[in-house]
Ligand SMILES: Cc1ncc(C[n+]2csc(CCOP(=O)(O)OP(=O)(O)O)c2C)c(N)n1
Ligand SMILES: Cc1ncc(C[n+]2csc(CCOP(=O)(O)OP(=O)(O)O)c2C)c(N)n1
Ligand code: SF4
Ligand code: SF4
Ligand code: SF4
Ligand code: SF4
Ligand code: SF4
Ligand code: SF4
Ligand SMILES: [Mg+2]
Ligand SMILES: [Mg+2]
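Protein chains in written order, with my numbering: chain A, 11 to 256; chain B, 11 to 256; chain C, -14 to 53; chain D, -14 to 53; chain E, 13 to 193; chain F, 13 to 193; chain G, 3 to 353; chain H, 3 to 353.
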């Protein structure tokens, strides 16, 4: 018998610090598979952001630079411009990318930097204890919206993929989810394409993952997956907004 | 005979420091006329930004607060939330609003702050001597794009009104120009509407003015006006993107 | 019947009003104001002014008052 | 014929694999691993596994290896 | 009067709540108290511990290197905090997860409390922290059982006030265990 | 040898260029030189001025409160910088914009140069800065006219090199004016 | 309101703020101070206030500036990296003379560092980490009660001097729970004839920091400087065991309370050690320390960093025949009272 | 390349950078340093380099961090408010040990202030305006030639110590034109076994500043601290007229050259005044100044601010029987040599 599914080689063997059922683990694995499949482990420089995924460097067998909160796209711009042969990606949460880092992501995208951006939208600030994120859904309770997010005063959940689509500098923009095996398989295809866009020197690629945070949503892993299906996807439609799978 | 056109009362009598032919002067006058017409001079708090328009407080007979470069929307948020009965506007250049202040404008808009934002897009950093702005047109020569803006490396001119349109928090979004009497009269209507949106407590209003900078475009005032018509408007279409004139 | 008043001390001689006056009754002459700008002037034929206020609309320095 | 291997030391007992296994051959039992998690186990009927790898796809902790 | 104590265990074992209640009880007896939690970066999993100091003088450091008393609820905690207990101090051990033979610290009185089993007797495994807390207080007499019980309404979130009775029972069960051994 | 000079005027009058050329000429004579521009915030309109220091010793301050020499090209400059000239210093005045009767500073030698008129003679009003510069150098002898002329290719942007001849002419015209008066 | 409660340090700050009339809070989450925004988000709406979770620390400080400009009592809080991002805004607030309260529950640096207690932001807080010659009053509490009391005080000082006030705590003071006695705020009134409210029946006002005419900014800076000199009136500090002391330990904030235990250990061993705790870090009690050095000549600065406040101690008493020793523990671990006691022992007998 | 040119201060920095191998520049316009990005935008493309006008100062410093992480020589420049915004990034670069050159052609503060010369950013530069215990080497040129030479030197120091280096100039040093002799950069080689290039044939590397295990960050901070101690080897300063001096004027950067004229005036009047000009502001020449105080006991610090470097002078010589006077001129006007001469006269005869 042959192994049809095994641990990607770009992943270290360290157990992650993620909570049970957290999608960061799945997304990490998909990224590692892409690295393996394109055979680029030795030419990658990853840019970690500040959020639950900050320990990227513990989990991937690749060179990693830790960016200040929100600034990964600027840091990655410096890395890629100085080292154009490297494959450079950022991995950012919704607090990181859509709150403090709004300016950096928009302008890196607008400059068409040859980067692959992995955006993990779990509608909360996971690492800091479940505060409101720019993507928190209307009426969602978080530790800083104890009465539910009131869109009148706290603003609307922001749809980053749609904003990315509007920028002339982006080549590939998609939103996907990993809450079911089917969506995971689809996500893999999308992520592969986002890798290719950089590998072919085509330009800037952006993939938004809808991701669960059972801990801060205060539900178990299954319910969290269901919430993605029932509540998140209707608000954040899955789509390839720009570019195609080929 | 009756004066059918005269200096608005909200304007001080100080000569401006603007260069000959600069549209900041026209836009200032339109703002002053709206203030007069709505009779709100005594309930306005203006938020000046850093750019050629920083001396707002010298030219308007109103209370003014000077914000750090790019941060006027955040400053104005603080002002308006603490003083909801005041009429609060920001007046910002394209360097201020679309470069350093990207994050602040997007999130103030997304929160639906009850503010009126006057955005003056002249495709350069005027005050600092004509460097590239996020809105600089492809191939446009500036002091930091001496060989013309190369969109491949320096990015694409960013269309702020279109991005504002995408945000759920905005109520009124328009782009206009003041290069001809006709456009000026149209602009006035748009600006009045942007005032009303706040006065009626409807929400966030955003008006982008295409504006000339004869000095840094290195052309005379007439040619500059012509450039707006021939080059800028095709790239930055005039439109009411969201809301209507009523 | 209309007429305009020009506050030449504010004029910066940009010439925009000249280009928009349908009656072509504005021109940049020789007069220099205190700030050193060569300022706009109107022709003597005051009855040709239509009071359209195009000049006033486009003037960035609010130099004109228009009467009708 | 297919089979799976479970690296229970990595398992966090989230139960996601249990919900997706079409053969319902995974369950959370009583076993606790070194990190204190109650881990997943498979039923003895090893021949029922189809090797669909749904479990492996959804597991956030890369606990499974699937053979076919 | 001076007492300090480090309480440690897994994330979900109620370490923090136990510390809070103990501190509350001290405060109710008009003592000076400090309660100091320590988390990892992650807000999840891993071990958690907190330090409680109770004194009738002003309390300087709320962080204690070598406590008079230590409660360890799982093995990693035993390994980390067991050796730190002061000479002649007390170590309260969750015997449900830690076998007696691993608990071996000279000049420290080690009390093995089968907390899970005792909690199950009351019908809820989750009460193991209360069992241990009851045992600790009964053993050390740092506060009275009355104060401990009396502080529950203040220390527990109102959402859980319907559970006060069962918590009281668990505290008493823990205390009883000490009396019996 | 030590010389310093403030050159001032309207934005478009070529104040900065004149200062640059003078500094360049000093450098070509192996002197230490500094050139220091002062603008308003605005990059437009308003008055502009610059300070040039030429010395055969190391130059400390490039900013001078009371210059040995001052060139004023318009009235606001006269008002600001006229009174600052050192005792027994020299004031070079653009007589085309400033009437003689307004120029009255005791113990300062005031030279009235009808710069615009002289420039018009050569056919270009814009050369008035060169007229004045030529006059200044001829008057002060701070550098030789040869050095001044020789520095034009370096001081002027290559875009304007076709204008070198006419600039030379203007410098000489200015110098000639001094010789004649 | 005089009941005693067991309260977390961060929350005591939020409570003090609301009691002092703070109705506007702008912040961005960062460990270890998240209880502050979380408390504010729960309680401000109940008392007619506004809580905004801003998109960043920069937006927060600028919102604070906006609210402060209208005369409102407003606050922002963050921790070290977030405070670094606020430096430009703080400089603007000082330059424009707009009051506001800024809480830094500092954590370990540099960079992302860690979330444990640290005093590595002393220089930033006391010397103005932003550009230009500005200062902010810096209050350094060392207990939950002081968190509460000094926060109230901070609002008064901010209004009195028209200047931002920083509360410099750290992860220890944010996470600790201690008994707190809340009490009513005694309102102080400040004439606010500078606030922006719309120019109704008066001439327009401007709040700005740009001064371009020759000499104008120089004058503005001297005016600010005089204001900073005035602030020396507000100096606060605590001393203990000073009477017969031969060695004075100088420490602030969290480490001051750890070392209080060590000093009492030293006293038990018969060592003549005293404790001097600056409560205002700016203005620093230079003179007060100097006065002490009339009779005591040996000082020991102790900090959770590699040496910052020690410079102020030296600037104060580092002349005459005094001796200034230093023990620093950079963040990432916390010294225990025993360790600090040993350090005291080491220097105690030095000449 | 040894021809002499008349060059603007800002441009001399850009020239020095390119000559030293800087091929990456990231910046955001701000007066009075725009000639630097403008020069870079013209010349970097010609030598295979990259110029990016970033969307902000924050993006710039982070791009610098990214480029530096790959081992490239890179630079950013700005002026005071922009430098305030970079403080978080600088703290991260120090924490992650990533080199880079940061130019601050400072302007008047606080806030928007003005565009005239100022030395109000001394504390920020020398004490680390960001959070945590970090330092950067600070070089303070005082002529166009030094702008050029010290910029080259800055790149070497950054690589040598794996730490950012700040060049602290101001509007005067940016706008002045002076003769410049360009010369070839003498390449120095630094083993860069830490750079990120992709983990080809080696184990993966990480550059980070987060250290969470107990004690790890403490150790990391001590390691950085030792690196900072090492930097004292790099101290640079200039002295003039010291032999028989009774009063030593201490000044740096732009004001040092203005006061040089004043000191020479004093000498002409027979006053025994010397000049001490620190060139490295961090590390500050504490010891060098202290050595001088063996024989000279009167010092006068002069700055374009209300008093910052004077603290370092006091920390160095403010004990024994020394006297330290101070003259400060906050930005908004520039003291003339005559004014400073008068100030020297005033203190010269003080005891
Ligand atoms: C400048 C700065 N501000 C704030 C923080 C605190 N912080 C750390 S992670 C984080 C947000 C994490 O949320 P997200 O990016 O959505 O990632 P997640 O943990 O949800 O995956 C914040 C605010 C910080 N480290 N630095
Ligand atoms: C933090 C900061 N960065 C940079 C500057 C310098 N600066 C002043 S105005 C300006 C840009 C002005 O351009 P714009 O906003 O387009 O206004 P305009 O002058 O064109 O009307 C810049 C970069 C500053 N004052 N503060
Ligand atoms: S807090 Fe949320 S995002 Fe972070 S690891 Fe846990 S589940 Fe995942
Ligand atoms: S520089 Fe441009 S924008 Fe500024 S005043 Fe002049 S013309 Fe207007
Ligand atoms: S009002 Fe009309 S007609 Fe009269 S001067 Fe103006 S533009 Fe000409
Ligand atoms: S438009 Fe106004 S400023 Fe321009 S020339 Fe006419 S009157 Fe003068
Ligand atoms: S491979 Fe498929 S059938 Fe086999 S255990 Fe996994 S999910 Fe179940
Ligand atoms: S999905 Fe993975 S971690 Fe979750 S229970 Fe199954 S094997 Fe364990
Ligand atoms: Mg998130
Ligand atoms: Mg602009």
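No residue lacks a Cβ here, since even glycine has one placed at the ideal position from N, Cα and C.
Asked                                                                                                                              : Found
Opening and closing residue of the beta strand (DSSP E) in which residue 8(H) lies                                                 : 6 to 10
Coil, strand or helix - residue 65(H) by DSSP                                                                                      : helix
Residue 125(G) versus 346(H), 313(H), 172(H), residue with shortest Cα-Cα distance                                                 : 313(H)
Chain H contact for residue 73(A) (CB, 8 Å cutoff)                                                                                 : yes
Whole-number beta carbon distance between residue 168(G) and residue 264(G), since they are thought to touch under 8 Å             : That pair is no contact at about 27 Å.
Heavy atom of ligand 2 within 7 Å of residue 65(B) beta-carbon                                                                     : no
Residue 182(A) versus residue 189(B) - alpha carbon distance                                                                       : 37 Å
Exposure label - residue 75(H); buried when at least 16 CB within 10 Å                                                             : buried
Residue 113(G) burial status per 10 Å Cβ neighbour count (16 or more: buried)                                                      : buried
Terminal residues of the alpha helix (DSSP H) in which residue 44(B) lies                                                          : 34 to 48
Same chain, Cβ closer than 7 Å to residue 161(B), neighbours up to 5 away in sequence not counted                                  : 148
Touching by the beta-carbon criterion (3+ pairs, under 8 Å), the stretch 35 to 53 of chain G and the stretch 197 to 216 of chain G : no
Residue of 68(G), 23(G), 58(G), 61(G) minimising C-alpha distance to residue 46(G)                                                 : 23(G)
The stretch 87 to 105 of chain H contacting the stretch 59 to 67 of chain H, beta-carbon criterion three pairs below 8 Å           : yes
Min CB distance residue 8(H) to chain F below 8 Å                                                                                  : yes
Range covered by the alpha helix (DSSP H) that runs through residue 222(G)                                                         : 218 to 232
Run of the alpha helix (DSSP H) containing residue 192(A), from where it starts to where it stops                                  : 191 to 209
Distance cut-off 7 Å: residue -5(D) Cβ against heavy atoms of ligand 7                                                             : no
Three CB pairs or more closer than 8 Å across the stretch 266 to 282 of chain G and the stretch 219 to 226 of chain G              : no
Distance between residue 109(G) and residue 180(G) (C-alpha atoms, nearest Å)                                                      : 20 Å
When 280(G), 324(G), 276(G) are compared against residue 238(G), the one with the closest alpha-carbon                             : 280(G)
Cβ shell of residue 334(H) (< 7 Å), same chain only, five flanking positions each side left out                                    : 110, 116, 118
Under 7 Å from the C-beta of residue 94(G): neighbouring residues of chain B                                                       : 78
At least three beta-carbon pairs within less than 8 Å, the stretch 170 to 190 of chain E to the stretch 34 to 46 of chain F        : no
Short CB-CB distance (under 8 Å) between residue 235(A) and chain D                                                                : yes
Backbone CA spacing between residue 55(E) and residue 53(A) [nearest angstrom]                                                     : In this prediction, residue 55(E) has a pLDDT of 42, which is less than 50 and means its spatial position is unreliable; nothing more can be read from the coordinates.
Residue 341(G) versus residue 78(B) - alpha carbon distance                                                                        : 46 Å
Heavy atom of ligand 9 within 7 Å of residue 234(A) beta-carbon                                                                    : no
Where the alpha helix (DSSP H) containing residue 174(B) begins and where it ends                                                  : 170 to 176
Beta-bridge pairing of residue -12(D) - partner residues as DSSP gives them                                                        : 52(D)
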